[in-house]
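Following the numbering used here, the numbering of the sequence shown begins with 1 at its first residue and continues without gaps.
In this text, a Cβ means the ideal position worked out from N, Cα and C, and glycines have one as well.
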Amino acid sequence: MLDKSAAPARSIYFSEEHEQLRAQLRRFVENEVKPHGLAWEAQGYVPREVLQKMGALGFLGIRYPAEYGGSEMDTLGTVVLAEELGRSTFSGFAITVLVHTDMAGVHILHAGTPAMKEKYLPDVVAGRKIVAVCVTEPFAGSDVKGIRTTARREGDHYVINGSKTFITNGVHGDLYCVAAKTDPNASPSQSVSMILVEKGTPGFSVARPLDKHGWRSSDTAELSFDDCRVPVTNLLGQEGRGFYAIMKNFQNERTTIGAMCIGECSAALDLTLDWVKQ
Numbered sequence: 001m002l003d004k005s006a007a008p009a010r011s012i013y014f015s016e017e018h019e020q021l022r023a024q025l026r027r028f029v030e031n032e033v034k035p036h037g038l039a040w041e042a043q044g045y046v047p048r049e050v051l052q053k054m055g056a057l058g059f060l061g062i063r064y065p066a067e068y069g070g071s072e073m074d075t076l077g078t079v080v081l082a083e084e085l086g087r088s089t090f091s092g093f094a095i096t097v098l099v100h101t102d103m104a105g106v107h108i109l110h111a112g113t114p115a116m117k118e119k120y121l122p123d124v125v126a127g128r129k130i131v132a133v134c135v136t137e138p139f140a141g142s143d144v145k146g147i148r149t150t151a152r153r154e155g156d157h158y159v160i161n162g163s164k165t166f167i168t169n170g171v172h173g174d175l176y177c178v179a180a181k182t183d184p185n186a187s188p189s190q191s192v193s194m195i196l197v198e199k200g201t202p203g204f205s206v207a208r209p210l211d212k213h214g215w216r217s218s219d220t221a222e223l224s225f226d227d228c229r230v231p232v233t234n235l236l237g238q239e240g241r242g243f244y245a246i247m248k249n250f251q252n253e254r255t256t257i258g259a260m261c262i263g264e265c266s267a268a269l270d271l272t273l274d275w276v277k278q
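Rendered as structure tokens:
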């Protein structure tokens, strides 16, 4: 006969380290997120000090190298992170973090030069600098081959012109991984490059913050590039290989978003069961 008092079997996928991480995240969400989530929804962004606290606890560097302050965990570590943030019921908060850790910052990790990694990644992992990835455009959506933003080479600089929209962390971010066409005459898949742009660079501006029906605590913006000059040393990876870098990380993004949705579904089921028992 089944012993219903026995402890539930541990997952065959998650290790003890994963479960410890889950417990830490769940405590953080209960104590630091849920009591304040509605206020963040009203103001339209997650306070920087909250992200820095997450960095200090190691939550922003789960799969980043130890030399930059990371934990060097595996993909399942990110799954745990995404599930528990999704369970918060504040998806704007969740996506603010996950874009930073797994959709934007990873472009610096995977394609940045050693000097760029040394300069930026410790601050990224600590939450002192927040990262956005800039692909979506008003006339192309998320069709990477169809983007119109250009980066023209002039000596030791790229001159960027164009616009981006629906950019998560767009208003309050510090570092922007921008997809732009560096060779408009090349085939669509070989014309796009990824270039790092810092907040405050002349010619780069937040055109307007965007209001939304949901995910309101995720700061979302339309961005403008008007003869924005950045050093060629800010190129992420090889020129003309941006399309492939974006496509490669889309797989990681889908895994992360899928895990976030699992957390959201679990929370929805819990809330429903609590309601129907009343």
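Using the beta-carbon count (16 or more within 10 Å), is residue i buried or exposed?
{"i": "E239", "result": "buried"}
{"i": "W40", "result": "buried"}
{"i": "N249", "result": "buried"}
{"i": "V77", "result": "It should be noted that the sequence gives Gly, not Val, for residue 77. Buried is the call here."}
{"i": "D3", "result": "Note that D3 scores a pLDDT of 46, beneath 50, so its modelled location is shaky and nothing firm can be said."}
{"i": "A94", "result": "buried"}
{"i": "V276", "result": "exposed"}
{"i": "G258", "result": "exposed"}
{"i": "E137", "result": "buried"}
{"i": "A82", "result": "buried"}
Would you mind giving the Cβ-Cβ distance between residue i and residue j, rounded to the nearest angstrom? I have them listed as a contact below 8 Å.
{"i": "G162", "j": "R152", "result": "About 11 Å separates the two Cβ atoms, so there is no contact after all."}
{"i": "D102", "j": "T256", "result": "5 Å"}
{"i": "S224", "j": "A207", "result": "4 Å"}
{"i": "F28", "j": "L57", "result": "7 Å"}
Please state if the CB of residue j and the CB of residue i are separated by a distance shorter than 8 Å.
{"i": "A179", "j": "G263", "result": "no"}
{"i": "V232", "j": "D183", "result": "no"}
{"i": "V80", "j": "A104", "result": "no"}
{"i": "S205", "j": "Y45", "result": "no"}
{"i": "L21", "j": "M260", "result": "no"}
{"i": "A245", "j": "H107", "result": "yes"}
{"i": "Y64", "j": "L121", "result": "yes"}
{"i": "L210", "j": "F166", "result": "yes"}
Would you check if there are 3 or more beta carbon pairs closer than 8 Å linking the stretch 108-121 to the stretch 200-207? Because the criterion of three Cβ pairs below 8 Å is not met, the stretch 108-121 and the stretch 200-207 do not touch.
Stretch pair the stretch 232-250 + the stretch 161-174: three plus CB contacts closer than 8 Å: The stretch 232-250 is not in contact with the stretch 161-174.
Using 8 Å as the cut-off, can you tell me whether the stretch 124-137 makes contact with the stretch 38-58, which would need three or more C-beta pairs spanning the two stretches below that distance? Enough Cβ pairs lie closer than 8 Å, so yes.
So, does the stretch 84-101 touch the stretch 27-37, judging by three or more C-beta pairs under 8 Å? The stretch 84-101 vs the stretch 27-37: in contact.
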